[in-house]
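Visitor:
Numbering (the numbering used here), first residue to last: 8 to 253.
(1) Quick check on the DSSP output: the beta strand (DSSP E) that includes residue 75 runs from which residue to which?
(2) What three-state label does DSSP hand residue 145 in the structure shown?
(3) Determine the extent of the beta strand (DSSP E) in which residue 234 is found, giving its start and end residues.
(4) The alpha helix (DSSP H) spanning residue 198 covers which residue range?
(5) Looking at the structure shown, is residue 136 part of a helix, part of a strand, or coil, going by DSSP?
(6) If you follow the beta strand (DSSP E) that residue 63 is in, where does it begin and where does it stop?
(7) Is there contact between the segment 76–83 and the segment 166–178, where contact requires at least three CB pairs shorter than 8 Å?
(8) Which of the three DSSP states is assigned to residue 123 in this structure?
(9) Under 7 Å between the Cβ atoms of residue 86 and residue 107?
(10) Can you name, in chain order, every residue of its own chain whose Cβ lies under 7 Å from the Cβ of residue 210, other than the five neighbours on each side?
(11) Suppose you measure from the CA of residue 28 to the CA of residue 22; what does that come to, to the nearest Å?
(12) Considering residue 214, what are the terminal residues of the beta strand (DSSP E) in which it resides?
(13) Considering residue 31, what are the terminal residues of the alpha helix (DSSP H) in which it resides?
(14) Measuring alpha carbon to alpha carbon, tell me which of 187, 166 and 12 ends up nearest residue 175.
(15) What residue range is occupied by the uninterrupted beta strand (DSSP E) comprising residue 174?
(16) Give the straight-line distance between the Cα atoms of residue 70 and residue 97, rounded to the nearest whole angstrom.
(17) Starting from residue 187 and walking both ways along the beta strand (DSSP E), at which residues does that stretch end?
(18) For residue 241, which three-state DSSP category applies?
(19) Hey, out of 49, 46, 48 and 37, whose CA is closest to residue 57's CA?
(20) Classify residue 138 as buried or exposed, calling it buried when 16 or more other Cβ atoms lie within 10 Å of its own Cβ.
(21) Residues in its own chain within less than 6 Å of residue 191 by CB, not counting five upstream and five downstream?
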């Protein structure tokens with residue numbers, strides 16, 4: 008069970024700000040499991056009985072859900088032992104420990120979700136839900152219809168056959184082409200490997216949507232918190248209502 012510093016517990020319960028909570032604790036007005044506590048760093052959990060002036064308080068912590076346009080050269084990780092910048096470093100929220108939902112390659116830009124809600128993360132990433140991810144890949148050369156059909160029926164990679172994907176050329180860039188591809192899996196560097204397998208290596212890759220949730224006009228490095236309509240875009244209106252995220 009998650010532990011909180013007592014001052015943070017009081018702040019999340021709505022009793023006071025963290026600074027005011029320190030003063031309340033120091034004044035001897037707070038009891039934990041019947042004992043007076045004056046140290047704001049005391050650790051408590053939701054199972055502990057915390058009272059202020061004789062009134063029981065409970066933490067009402069709100070979960071956080073974020074959509075970000077991950078820039079190139081940033082890790083889809085909560086930390087890195089080599090000191091490289093991670094997606095969580097780009098979010099300036101206090102008292103929130105976020106984790107990226109799934110992965111996006113270091114050299115790939117685009118939509119990534121971050122949260123502190125394990126159930127939400129599971130609903131997005133578990134293979135049984137086959138959440139669709141949409142990419143736009145600038146590839147070397149111009150794939151023909153027969154090349155794209157290979158992606159639509161499944162490609163044999165070194166870790167097995169892929170699920171059928173949707174794939175279309177959406178525009179040309181000189182001698183190269185931009186391929187829009189939708190997959191329902193999350194293997195390591197999967198889109199790059201699929202396109203390379205049919206002879207069209209990726210020059211640039213961007214993930215533009217997860218489910219029906221599109222990146223929109225978020226610039227690289229920018230983020231915002233998800234709104235009700237975003238959950239509906241991810242899961243559908245009825246499913247979003249049933250899941251009760253947000």
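In this text, a Cβ means the ideal position worked out from N, Cα and C, and glycines have one as well.
Guide: Let's see:
(1) As a first step, residue 75 is located in the chain shown; it is residue number 68 there, counting from the start. Taken as a continuous stretch (DSSP letters only), the beta strand (DSSP E) holding residue 75 covers 72–77.
(2) For the purposes of this step, residue 145 is identified with residue 138 of the chain shown, where counting begins at 1. Reduced to three states, the DSSP call for residue 145 is strand.
(3) Working through the chain shown from its first residue, we reach residue 234 at position 227. Careful: residue 234 lies outside any beta strand (DSSP E) and carries neither H nor E.
(4) The count along the chain shown starts at 1 and reaches residue 198 at position 191. Residues 197–204.
(5) As a first step, residue 136 must be located in the chain shown, where it is residue number 129. Residue state, collapsed to three classes: helix.
(6) Here residue 63 refers to the residue found at position 56 when the chain shown is read from its first residue. Element bounds for residue 63: 62–64.
(7) no
(8) Taking the first residue of the chain shown as position 1, residue 123 is located at position 116. Here residue 123 sits in coil by DSSP.
(9) Locating residue 86 in the chain shown gives position 79, where the first residue counts as 1. Locating residue 107 in the chain shown gives position 100, where the first residue counts as 1. No, the Cβ-Cβ distance between residue 86 and residue 107 is not below 7 Å.
(10) Within the chain shown, numbered from 1, the residue matching residue 210 stands at position 203. Closer than 7 Å at Cβ, skipping near neighbours: 145, 146, 147 and 183.
(11) For this step, residue 28 is matched to residue 21 along the chain shown. For this step, residue 22 is matched to residue 15 along the chain shown. C-alpha separation (whole angstroms): 7 Å.
(12) Here residue 214 refers to the residue found at position 207 when the chain shown is read from its first residue. Note, residue 214: beta strand (DSSP E), 209–217.
(13) For the purposes of this step, residue 31 is identified with residue 24 of the chain shown, where counting begins at 1. Per DSSP, residue 31 belongs to the alpha helix (DSSP H) from 25–33.
(14) Within the chain shown, the letter at position 168 stands for residue 175. Ranking the options by Cα distance to residue 175, first place goes to 187.
(15) The residue labelled residue 174 in the question sits at position 167 within the chain shown. 173–180 is the extent of the beta strand (DSSP E) around residue 174.
(16) Stepping through the chain shown from its first residue, residue 70 is reached at position 63. Stepping through the chain shown from its first residue, residue 97 is reached at position 90. Near 18 Å, if we compare the C-alpha coordinates of residue 97 and residue 70.
(17) Counting from 1 along the chain shown, the entry for residue 187 is found at position 180. Looking at the DSSP string, the run of the beta strand (DSSP E) that includes residue 187 is 183–190.
(18) The sequence position of residue 241 within the chain shown is 234, counting from 1. Of the three classes helix, strand and coil, the one that applies to residue 241 here is helix, per DSSP.
(19) For the purposes of this step, residue 57 is taken as residue 50 along the chain shown, with counting starting at 1. Residue 37 is the option with its Cα nearest to residue 57.
(20) Mapped onto the chain shown, residue 138 falls at position 131. Its Cβ being crowded by 16 or more others within 10 Å, residue 138 is buried.
(21) Position 184 of the chain shown, counting from 1, holds the residue named residue 191. Cβ neighbours of residue 191 beyond the five flanking positions: 137, 139 and 170.
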